[in-house]
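Contents: one structure, followed by commentary.
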Amino acid sequence: MSKRIYIGNLAFSATESSVNQLFSEYGKVNSCQLITDRSTGQSKGFGFVEMDSAEDATKAISELNGHDVNGRNIKVNEANAQTSRSNGDTVIHKRAGFSGGKSRYERAQRPIRGY
Numbered sequence: 124m125s126k127r128i129y130i131g132n133l134a135f136s137a138t139e140s141s142v143n144q145l146f147s148e149y150g151k152v153n154s155c156q157l158i159t160d161r162s163t164g165q166s167k168g169f170g171f172v173e174m175d176s177a178e179d180a181t182k183a184i185s186e187l188n189g190h191d192v193n194g195r196n197i198k199v200n201e202a203n204a205q206t207s208r209s210n211g212d213t214v215i216h217k218r219a220g221f222s223g224g225k226s227r228y229e230r231a232q233r234p235i236r237g238y
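The sequence shown begins at 124 in the numbering used here and counts up by one.
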């Protein structure tokens with residue numbers, strides 16, 4: 124069963140080819156994706172690798188986490204699963220905006236001002 128790995132703190136000059144080559148030393152790489160800025164196309168310094176087996180992924184994580192690549196200590200760990208909606212959109216949980224430090228109950232109890 125394949126396993127998805129998160130790679131962080133990559134140098135912005137890193138390429139999918141170089142990351143693929145690095146991880147292929149630990150087993151078969153099914154895919155490699157570096158995340159880029161949509162407007163500039165520049166790497167955001169992180170990405171994902173899918174290894175063919177969980178054993179290969181575990182070995183790569185233990186060997187490469189904290190490893191120096193292009194002068195940066197990369198972070199390598201198991202990727203978190205994404206929650207998807209039925210229409211294919213990814214759900215991103217965001218916190219609500221500033222509410223003046225009041226609880227929901229306190230905000231609901233405020234009188235409505237007339238204009």
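Glycine is no exception: its CB is placed at the ideal position from the N, C-alpha and C atoms.
Check whether residue i and residue j have beta carbons under 8 angstroms apart
i, j, result
"Asn200", "Gly189", "no"
"Gly164", "Asn132", "no"
"Tyr129", "Ala202", "yes"
"Arg127", "Glu173", "yes"
Whole-Å CB distance - residue i paired with residue j, under 8 angstroms assumed
i, j, result
"Ser140", "Asn193", "In fact, because the Cβ distance is near 13 angstroms, the residues do not count as touching under 8 angstroms."
Alpha-carbon to alpha-carbon, residue j and residue i
i, j, result
"Ile184", "Glu229", "48 angstroms"
"Lys151", "Asp179", "8 angstroms"
"Ser176", "Ser125", "5 angstroms"
"Cys155", "Ala204", "16 angstroms"
"Asp191", "Gly170", "16 angstroms"
"Asn153", "Ser147", "9 angstroms"
"Ala134", "Asp160", "14 angstroms"
Minimum C-alpha distance to residue i - residue among the options
i, options, result
"Val142", "Ser166, Asn203, Met124, Ser125", "Ser166"
"Leu157", "Gln232, Thr181, Thr138", "Thr138"
Inset, instruction - Please list the segments of the alpha helix (DSSP H) lying wholly inside the region 176-211, counting only runs of 4 or more residues, in order along the chain. - result: For the region 176-211, whole alpha helix (DSSP H) runs of length 4 or above, ordered along the chain, are 177-187.
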